[in-house]
Every structure is written in C-alpha cells, then in structure tokens.
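No gaps in the numbering here: position 35 of the sequence shown is 35 in UniProt numbering, and each next residue is one more. Beta carbons are placed, not taken as given, at the ideal position from N, Cα and C, and that holds for glycine. Small disclaimer: the values here were computed from a predicted structure and weren't measured.
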Amino acid sequence: MSKIYLEVQVPGNAKTYEFAADSAMSVSKVKKQFIAQISAVEGREIFADPGQVLFCSKGLEGLLQDGEILGEVGVRSGDTIILL
Numbered sequence: 001m002s003k004i005y006l007e008v009q010v011p012g013n014a015k016t017y018e019f020a021a022d023s024a025m026s027v028s029k030v031k032k033q034f035i036a037q038i039s040a041v042e043g044r045e046i047f048a049d050p051g052q053v054l055f056c057s058k059g060l061e062g063l064l065q066d067g068e069i070l071g072e073v074g075v076r077s078g079d080t081i082i083l084l
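Written out as structure tokens, the structure reads:
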C-alpha cells in the first residue's frame, strides 16, 4: 500500500481538487470518498446521481471501471482524474 496524490477535475463546477488515495483501493471506493469530500467542501451536492459518476484518467486516456484497483491499472501520483 502506498499513497498516491491526484489532481481531481470536476467540470460540473469548473474546479480542481487535490486528494491522496491508497494505490490498493478500488476505483469505486476512491470515487465515493472523492464525491463525499467535494460535497463537504462545497457545502452542497455537486453530482445529481453519485452512482452515475464516471471516473476518467487523463494520463491513461480513458474511463476506469469501479472494480479496478488504482495501482494495478497504472494510476500514479501526479495523475489527473476527471469526475463526470
């Protein structure tokens, strides 16, 4: 297990956030944490249906599936994630 530091872009509110995640975590778990933390920071729900949010890797040029493990698919510190 190692920490990876990610830049997370949310086009829905035109903001960028910085997060740390564990490389052994699943995309689903990380996505839920990011959504909860962004909503807490903004003081409101940003995503109408959190279950439909897409987790995209800018560096890997594609969507990551909920069951994938960050470190196993190649997500590294400094990568940019886009939540759509």
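Beta bridge counterpart(s) of residue i as assigned by DSSP
i   : result
D22 : K3
V10 : K15
Alpha-carbon spacing of residue i relative to residue j, whole angstroms
i   : j   : result
S26 : G43 : 26 Å
T80 : N13 : 16 Å
Backbone secondary structure at residue i - three-state DSSP
i   : result
F47 : coil
K58 : coil
L84 : coil
Nearest candidate by alpha-carbon position, reference residue i, set the options
i   : options            : result
F47 : A36, K3, C56       : A36
V30 : E7, G59, P11       : E7
A21 : L83, V75, L84, I82 : V75
Q52 : D66, A24, G62, T16 : D66
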